[in-house]
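Student:
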Amino acid sequence: MTLRVTNSLTGEREDFDPDEEPVLLYYCGLTTSDPAHLGHARGWVHVDVMHRWLEELGYEVRHVENFTDVNEKIVARVGESGDSEADVARSYIGTIIDDMRSLNLKRAEVYPRVSEHIPEIIDLVERLVDRGYAYEANGSVYFDVTSFEDYGKLSNQDVEEMEAQGSPDEQSEKRNPADFALWKADGVEPEEIEDHQHGGAAPAADACKTAQTWDSPWGEGRPGWHIECSAMSMTHLDETIDIHVGGQDLVFPHHENEIAQSEAATGDTFARYWLHVRLLEAPDDEKMSSSLGNFESVAEAIEHYGPNVVRTFLLSTAYHSPATYNSETVGEAEQRWDALERGYERAREAVDSIDARTKVESESLRTAVEDTRSDFEDAMNDDFNTRGALTALRELTNAVNAHLDDVEEYDYRALREAIETFERLGGEVLGLAFGDSADDGDVELAEDLVELVLDVREQERAAGNYDRADDLRADLEALGVEVQDTDDGPEFRLG
RNA sequence: GCCAGGGUGGCAGAGUCUGGCCGAACGCGUCCGCCUGCAGAGCGGAUCAUCGCCGGUUCAAAUCCGGCCCCUGGCUCCA
């Protein structure tokens, strides 16, 4: 079975058939004007898993993800987290990269920045002017939408009916209301950023003085929003790439404009498959965060739930399907991850406890391992159905638990296969960190201390002092240590 | 208004492209039993779905066709 993906360009599920290797993948990254929130993480994690699955299928992947570090919204933050547009952008890029690391994202090959690609952008704009697709007006350059026949093919928009893009000043300079800016004359005006400013920001007029401008054939100015992705995609990948991914909110105008300017410039297809990640939704009746609308920042979410629960939550719905963020949906993800991890740990402990030469064979466990692998593969090949992939792993934990509970003697080989399946599919492909908790010194010390408390508790239990024992258990739980009494004595997990 | 995507059990959410294995998956919840000092975890079992509405095609429809209703997102900076 081959990989099939839903291509927004056609609206159809198509066989994925890259031109040649490596597979060229571009993800429209963030504007670095705010900390990343869970909605951004949804995009990241899904692209990450797409990347990982392509590699699992044997493809080599070249993955590029940009940072938009030149933007009015960044200028609006001057004074809050830096003294200039460039400062603010740099500081957010730093926190965003930290967030990506803590989410266990695989690194892209390149994280290009707009500010470092001005020459390429200017070249591209010149090319469009030369070819008659763009025109200059008062030091700005606009793309002439009517000159590109396919304009609107991604978003199914009708140029005639479209609302005008851009500021009133821009409107008067444009030939058609739907034309969009490739290059904008001069710097940033105070009124362009006032709406975006928070407390702590510098006065708009001062902030605007820090906005970067560059010399161009049309005079001092700044690149328009859309041109950057075309320029960076072509620079770091190729004029035609395989997969372009972004949030669904970018379909129009951003991606539509990218296609127009790129294909007008090269005369060739810009991206063969367009995949759009549906936006995470939050119910308005449930405030999850004070700072960022209804979403927690990535850092807060990781602090609360840990990276594995966050990933499990985001992968619990396919990238394409609606997903809601609230306490129930996250709670379900939490349980799902806990169950997977417990199943994995039980399998490991069982394997360690038995002789590798054991001849016991469990037909049901072996079948379950095989089913998990093929169900997982089918799900991922079906337009990256990560929900289905998670379900397949869950069925494996069910089979492991049943085997361990029902049988006197364990099937060593099947358990090893189960462990390998968790690690490869859950770990390598879904990016969940199985059995990762005990690899630093602090954790070891914590574990030793918990053992000590549990020894005391066992003594209290032996003496019949159950109230004391329960208090200790409750105290540990308050610290995030989950205690379970078993036939072999107490066991615990650090939360 | 226009564009896109949805409406499946108490919740959440696969399945719809490629009609029959769907008498509808996994999970959560609820109930019973095992285990247990208790709890949790786990195991065994049970409970819970006229698949938005109406009509059509078919031997057969959650799945295909037509009409209607409702929801979400986008159309302005946004992953």
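Quick note on the working numbering: the first sequence kicks off at 493 and runs consecutively.
Virtual Cβ for every residue (Gly too), placed ideally from N, Cα, C.
(1) Whole alpha helix (DSSP H) runs in the region 793–831 with 4 or more residues, listed along the chain?
(2) Does the structure place the region 829–842 close enough to the region 853–862 that three or more beta carbon pairs sit under 8 Å?
(3) Please classify GLY691 as buried or exposed, where buried requires at least 16 neighbouring CB atoms within 10 angstroms.
(4) Please state the DSSP three-state secondary structure of GLN976.
(5) Tell me, please, which residues DSSP counts as bridged to ARG849.
(6) According to DSSP, which residues form a beta bridge with ASP874?
(7) State the DSSP-derived secondary structure class of TRP448, mapped to helix, strand or coil.
(8) So, with DSSP's three-state summary, where would you put SER783?
(9) So which of LYS666, VAL651, VAL892, TRP717 has the shortest CA-CA distance to PHE559?
(10) In this structure, does DSSP put ASP931 in helix, strand or coil?
(11) So if DSSP puts SER632 in a beta bridge, which residue, or which two residues, is it bridged to?
(12) Ignore the nearest five residues each way along the sequence and tell me which others in ASP650's own chain have a CB closer than 8 Å to its CB.
(13) Keeping to the same chain, check which residues put their C-beta closer than 6 Å to that of ASP622; ignore five residues upstream and five downstream.
(14) In whole angstroms, what is the alpha-carbon distance linking SER1044 and VAL606?
(15) Taking the runs of the beta strand (DSSP E) that are 3 residues or longer, which of them lie wholly in the region 664–741?
(16) Does DSSP put GLY503 in a helix, a strand or coil?
(17) Can you tell which of VAL737, GLU601, HIS728, GLU548 has the C-alpha that lies nearest to the C-alpha of GLY918?
(18) Please go through the region 532–583 and give each complete beta strand (DSSP E) segment of 3 or more residues, from N-terminal end onward.
(19) Given 8 Å as the limit, is there contact between the region 723–737 and the region 610–620, that is, 3 or more CB pairs closer than that?
(20) Quick test of your reading: GLU748 and LEU620, contact by CB under 8 Å. State the CB separation rounded to the nearest angstrom.
(21) Would you give the residue range spanned by the beta strand (DSSP E) that PRO982 belongs to?
(22) Using 8 Å as the threshold, is the region 798–809 in touch with the region 821–838, meaning 3 or more CB pairs across them?
(23) Any idea which residues DSSP pairs GLU773 with across the strands?
(24) Could you tell me which residues DSSP pairs with LEU517 in its beta bridges?
(25) If you draw a straight line from the alpha carbon of PHE787 to that of LEU896, how long is it in whole angstroms?
(26) Can you give me the start and stop residues for the alpha helix (DSSP H) that GLN753 sits inside?
(27) Please go through the same chain and pick out, in chain order, the residues whose beta-carbon is closer than 6 Å to the beta-carbon of ARG960, but skip the five residues on each side of it.
(28) Please determine, among ASP874, PHE744, GLU912, THR587, the residue with the shortest C-alpha to C-alpha distance to ARG889.
(29) Name, in chain order, the residues that DSSP records as bridge partners for THR523.
(30) Would you tell me roughly how many angstroms separate the C-alpha atoms of ASP863 and LEU971, rounded to the nearest one?
(31) How is the alpha helix (DSSP H) around LEU964 delimited, first residue to last?
(32) To the nearest angstrom, how far is the alpha carbon of PRO695 from that of GLY679?
(33) Got a sec? Which residues, its chain only, sit under 7 Å from ASP977 by beta carbon, not counting five neighbours each side?
(34) Out of ALA848, GLY835, TYR904, GLU915, which has the shortest C-alpha to C-alpha gap to ARG886?
(35) Tell me ARG605's beta-bridge partners as DSSP assigns them.
(36) What number of angstroms, rounded off, separates the C-alpha of GLU792 from the C-alpha of VAL515?
Tutor: Looking at the atomic coordinates:
(1) Annotation note: the region 793–831 contains the following uninterrupted alpha helix (DSSP H) runs of length 4 or greater, listed N- to C-terminal: 799–807.
(2) In short, these stretches do not touch, since the Cβ pair count stays below three.
(3) Along the first sequence, read from residue 1 onward, the residue named residue 691 stands at position 199. That one is exposed.
(4) Within the first sequence, the letter at position 484 stands for residue 976. Three-state result, GLN976: strand.
(5) As a working note, residue 849 is residue 357 in the first sequence. Bridge partners of ARG849: none, in fact.
(6) If you number the first sequence from 1, residue 874 lands on position 382. Paired residue(s): ARG496.
(7) Nothing can be reported for residue 448, as the shown portion of the chain is limited to 493 through 987.
(8) As a first step, residue 783 is located in the first sequence; it is residue number 291 there, counting from the start. Low confidence applies to SER783: its pLDDT is 44, below 50, so where it sits in the model is not reliable enough to give any reading.
(9) Indexing the first sequence from 1 puts residue 559 at position 67. Of LYS666, VAL651, VAL892, TRP717, the residue nearest in Cα terms is TRP717.
(10) Counting from 1 along the first sequence, the entry for residue 931 is found at position 439. With a pLDDT of 47 at ASP931, under the threshold of 50, the modelled position of this residue cannot be trusted; read the value that follows with caution. Of the three classes helix, strand and coil, the one that applies to ASP931 here is coil, per DSSP.
(11) Position 140 of the first sequence, counted from the first residue, corresponds to residue 632. ALA629.
(12) Position 158 of the first sequence, counted from the start, is the residue given in the question as residue 650. Closer than 8 Å at the Cβ level, and outside the excluded window around ASP650, lie GLY644.
(13) In the first sequence, counting from the first residue as 1, residue 622 sits at position 130. Nothing listed; no residue qualifies.
(14) For the chain, the structure presents residues 493 to 987; residue 1044 sits outside this window and is missing.
(15) Runs of the beta strand (DSSP E) inside the region 664–741: 672–677, 713–715, 733–739.
(16) As a first step, residue 503 must be located in the first sequence, where it is residue number 11. In this structure, GLY503 counts as coil in the three-state DSSP scheme.
(17) In the first sequence, the residue the question calls residue 918 occupies position 426. Checking every option, the nearest Cα to that of GLY918 belongs to GLU548.
(18) Taking only runs of at least 3 residues, the beta strand (DSSP E) segments lying wholly in the region 532–583 are 553–557.
(19) Flag = yes, the region 723–737 and the region 610–620 touch.
(20) Here the question's residue 748 lines up with position 256 in the first sequence. Here the question's residue 620 lines up with position 128 in the first sequence. That belief does not hold up - the Cβ atoms of GLU748 and LEU620 are roughly 15 Å apart, past 8 Å.
(21) Start at 1 with the first residue of the first sequence, and residue 982 comes out as number 490. That run of the beta strand (DSSP E) goes 981–986.
(22) Contact between the region 798–809 and the region 821–838 is established, with three or more Cβ pairs separated by less than 8 Å.
(23) Position 281 of the first sequence, counted from the first residue, corresponds to residue 773. As DSSP reads the structure, GLU773 sits in a beta bridge with THR816.
(24) Indexing the first sequence from 1 puts residue 517 at position 25. Beta-bridge pairing links LEU517 to HIS555, ILE735.
(25) Numbered from its first residue, the first sequence carries residue 787 at position 295. Numbered from its first residue, the first sequence carries residue 896 at position 404. Looking at the backbone, the Cα of PHE787 and that of LEU896 are separated by about 40 Å.
(26) The count along the first sequence starts at 1 and reaches residue 753 at position 261. Note, GLN753: alpha helix (DSSP H), 748–758.
(27) The sequence position of residue 960 within the first sequence is 468, counting from 1. Around ARG960, the same chain offers GLU952 as residues with beta carbons nearer than 6 Å, after the five sequence neighbours per side are excluded.
(28) Counting from 1 along the first sequence, the entry for residue 889 is found at position 397. The question names Arg, yet the displayed sequence has Thr at residue 889. Out of ASP874, PHE744, GLU912, THR587, GLU912 has the C-alpha closest to the C-alpha of THR889.
(29) Taking the first sequence and counting its residues from 1, one reaches residue 523 at position 31. Its beta-bridge partners are THR560.
(30) Numbered from its first residue, the first sequence carries residue 863 at position 371. Numbered from its first residue, the first sequence carries residue 971 at position 479. One C-alpha to the other measures close to 39 Å.
(31) Here residue 964 corresponds to residue number 472 of the first sequence, with the count starting at 1. Per DSSP, the continuous alpha helix (DSSP H) segment holding LEU964 begins and ends at 958–970.
(32) Indexing the first sequence from 1 puts residue 695 at position 203. Indexing the first sequence from 1 puts residue 679 at position 187. Our two residues, PRO695 and GLY679, have alpha carbons roughly 16 Å apart in a direct line.
(33) Along the first sequence, one-based indexing puts residue 977 at 485. Nothing meets the Cβ criterion.
(34) Here residue 886 corresponds to residue number 394 of the first sequence, with the count starting at 1. The closest CA to that of ARG886, considering only ALA848, GLY835, TYR904, GLU915, is found on GLY835.
(35) Locating residue 605 in the first sequence gives position 113, where the first residue counts as 1. BP columns for ARG605 point to PHE559.
(36) Taking the first sequence and counting its residues from 1, one reaches residue 792 at position 300. Taking the first sequence and counting its residues from 1, one reaches residue 515 at position 23. Looking at the two C-alpha atoms, the distance is approximately 34 Å.
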